[in-house]
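Note sheet for the following structure.
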Amino acid sequence: MKILGENIALGESKTILFNIAKLYTATNVEIPIIIERAQKPGPTILITAGIHGDEINGVEIVRQLIAKKINKPKKGTVICIPILNVFGFLSMSRQFPDGHDLNRVFPGTKKGSLASRVAHHFTTEILPHADYCLDFHTGGASRFNAAQIRVTPNDYVALKYAKVFNAPFIVMSKTLEKSYRQTCLKMGTPSLLFEGGKSLSCDRDIIEYGVHGVMRFLDHFAMLQHKFKIPTQEHNPVVIEKSTWIRAHKSGLLHTKANCNKFVQKGDILASITDPYGEMKVRVKAPNDGYIINVNQSPIVHQGDAIFHISTLVS
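Under full-length UniProt numbering, the letters of the sequence shown match residues 1 to 315, in that order.
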């Protein structure tokens, strides 16, 4: 295997520095790529996090995989990139310094913006080596996601592997234009996008779901070392085929009563919105039976803000 000009032989461990540009202070910004190859050939699993620099849960999931040596496979190769957007991570920002969202510029261009150049080099130099991709994200802003795998509708290969990963929810979701997941789909590389928790936060349960899911995924391909006990889930994942957002009808202080993962019935009170003066109180009710898979944890909302994501059709 040859990545960024470096040869990595079977049985070898190597960290390669992916360096595209410097900060304006002339300081190098290097993206470490941790590669573990077994003596025995097998699949190559690419595990990434930190495409958005403020999404810490994914970074911690990949860090634990490395620290616990889960990434050392019994066969095949595991490539870990804990922080793909180091620029954003330094400033705890979702975007690159050029204002672009890395997950909206794939596959990138050689002479485009900084984010586009990073996407291009990643797509041409690293992604072609992968047989399967696992990418870790969180909810944006103050919106907390239940642990879930996003799968493109009718992508039955990804659905099969999502069930192997076994997060609590599998959410059918169209690929976003110029996203990493769309690029994987076009290249014919099966990919799973994990969502869990919210930005600028670490959640122990979400991180555990992510680490355990990777262990189950590696075990499916006989890549997990024997010393690790395979985590089991009490229930099979709930497949959410359709879902909708519940939005605030008024601006004000948000008081949520329903938590992520909870199954609610039509008419259940999910939250209330009040003004600061004690004169207005509006109740937010469930429009249908369903699972709550995202909760806005901001104390203040504006009219039209998304406050809950609820399933409308499950299987």
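Ideal placement from N, C-alpha and C gives every residue a C-beta, glycine not left out.
- Only exposed fits I269, as fewer than 16 other CB atoms lie within 10 angstroms of its CB.
- L46 places its beta carbon less than 7 Å from that of C133.
- Between K281 and A271, the beta carbon gap of about 11 Å keeps them out of contact (Cβ cut-off 8 Å).
- In the displayed model, N103 falls within a helix according to three-state DSSP.
- Between the alpha carbons of V239 and Y156 lies a distance of about 12 Å.
- A direct Cα-to-Cα measurement between N103 and G290 gives close to 29 Å.
- Going by C-alpha positions, Q182 is about 15 Å away from F136.
- Linking M187 to R247 through their CA atoms gives a straight-line distance of about 36 Å.
- Secondary structure at T183: helix, using DSSP grouped into helix, strand and coil.
- Taking the C-beta atoms as reference points, Q303 is found nearer than 7 Å to S251.
- Take I56, set aside five residues on each side of it, and the residues of its chain with a beta-carbon closer than 7 Å to its own are L200, S201, C202, in chain order.
- For a cut-off of 8 Å, the C-beta gap from G58 to T138 is around 7 Å, short enough to register as a contact.
- Listed in chain order, the beta strand (DSSP E) runs fully inside the segment 243-304 are 252-256, 269-274, 281-285, 290-296, counting runs of at least 3 residues.
- Taken in chain order, the complete beta strand (DSSP E) segments of 3 or more residues contained in the segment 150-230 are 169-172, 191-198.
- Under the 10 Å beta carbon count, M215 is surrounded by 16 or more other beta carbons and is classified as buried.
- Secondary structure at T138: strand, using DSSP grouped into helix, strand and coil.
- Nearest C-alpha to Y24 among P168, L114, G50, D219: L114.
- A contact between stretches requires three or more CB pairs, one per stretch, nearer than 8 Å, and the segment 37-51 meets this requirement with the segment 61-78.
- Two segments are said to touch when three or more pairs of C-beta atoms, one from each, lie closer than 8 Å; by this definition the segment 216-227 touches the segment 160-167.
- S13 has E36 as its beta-bridge partners, per DSSP.
- Looking only at I31, I51, L65, the smallest Cα-Cα distance to G210 is reached by L65.
- Boundaries of the alpha helix (DSSP H) harbouring T124: 114-125, taken from the DSSP string.
- Contact between V314 and I292 is absent: CB atoms are separated by about 12 Å, not below the 8 Å threshold.
- By alpha-carbon distance to P32, the top candidate from I126, T175, E279 is I126.
- When secondary structure is reduced to three states using DSSP, Q148 falls in the strand class.
- For I16, the number of other beta carbons within 10 angstroms of its own is at least 16, and it is reported as buried.
- Close CB contacts of F18 within its chain, under the 6 Å cut and outside five residues either way in sequence, are with I31, I33 (chain order).
- Of I273, P107, N259, the smallest CA-CA separation from I310 is found for N259.
- According to the DSSP secondary-structure assignment, L313 is paired through a beta bridge with K242.
- A direct Cα-to-Cα measurement between N261 and K198 gives close to 14 Å.
- Distance between A158 and T152, taken at the CA atoms: about 8 Å.
- By the 16-neighbour rule on beta-carbons within 10 angstroms, Q148 is buried.
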